[in-house]
Each structure stands twice: as C-alpha cells, then as structure tokens.
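A.B. asks: FYI, the numbering for the sequence shown is 8 to 66, going by our numbering. Yeah, the Cβ is synthetic: ideal placement off N, Cα and C, and Gly gets one too. Just so we're clear, the structure is a prediction, and the values are computed from it rather than from any experiment. Supplied in structure tokens, the structure appears directly below.
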Amino acid sequence: MTTKKKRQKFAFSDETMKKLEWLVQEHKTRSNERIYPCDTLSELIDNEYKIRKTFGNKI
Numbered sequence: 008m009t010t011k012k013k014r015q016k017f018a019f020s021d022e023t024m025k026k027l028e029w030l031v032q033e034h035k036t037r038s039n040e041r042i043y044p045c046d047t048l049s050e051l052i053d054n055e056y057k058i059r060k061t062f063g064n065k066i
C-alpha cells in the first residue's frame, strides 16, 4: 500500500546527521511513544515557525 503523503529528499552533511541523530535520541528519552526522525524535524520546524511568526525579523 502506498502513501499519499508528499515525500521530499534532503541532503545533509555528516555533522548535521550526527546532530539529528542526537536530537532524535533526546526526543525519544522524553517521549513514551515511538519517535521517528521526521517527528523530531517536524517539532523543530514548528517551533521555529512559531518563533518567527511571533517575533518577525526582530531576532
């Protein structure tokens, strides 16, 4: 069965991948549910979006 979600591919440097793996591990330790890298990235993007929408270009 295929998914209807949009799938985009992104290329990250090795250093960025290590940081993402660390963030995912930290996310897993504070969650009781199964966490995937996309969950961590979604949380980071949502938080950044809220900050920029709230404060605009003042940061």
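(1) Considering F62, what are the terminal residues of the alpha helix (DSSP H) in which it resides?
(2) Helix or strand or just coil, what does DSSP make of P23?
(3) Let me know if T47 comes out buried or exposed under the rule of 16 or more other beta-carbons within 10 Å of its beta-carbon.
(4) Anyone know if the C-beta pair for E28 and P44 falls short of 9 Å?
C.D. replies: In this structure, then:
(1) 44 to 62
(2) Here residue 23 turns out to be Thr, not Pro, going by the sequence shown. T23 falls in the helix class under three-state DSSP.
(3) buried
(4) Cβ distance < 9 Å, so E28 and P44 count as in contact.
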